[in-house]
Amino acid sequence: MRGAEFHLTQTLRHTDKLRETYRKTLTNHNKATPQLSNTRSAASFT
1 MRGAEFHLTQ TLRHTDKLRE TYRKTLTNHN KATPQLSNTR SAASFT
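Shown next, in the form of structure tokens:
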């Protein structure tokens with residue numbers, strides 16, 4: 001039972017890391033997106 005418990009803990013920890021990475025990627029993407037649309041609208045004005 002001990003080994004399975006350990007394995008589950010490791011898996012959960014790994015999932016948390018993945019989720020954190022995913023969240024950071026999304027945050028970075030959301031930060032970049034407004035800049036992209038601003039550039040696009042500025043380009044359409046010229």
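Heads up, the sequence shown is in UniProt numbering, so the first residue is 1 and it goes up one at a time. Ideal Cβ positions, reconstructed from N, Cα and C, are used throughout, including at glycine. Since this is a predicted model, take the numbers as computed values, not measurements.
Here the C-alpha atom of Leu8 lies approximately 10 Å from the C-alpha atom of Arg2.
The alpha-carbon of Asn28 is positioned some 27 Å away from that of Gln10.
Here the alpha carbon of Asp16 sits roughly 10 Å from the alpha carbon of Tyr22.
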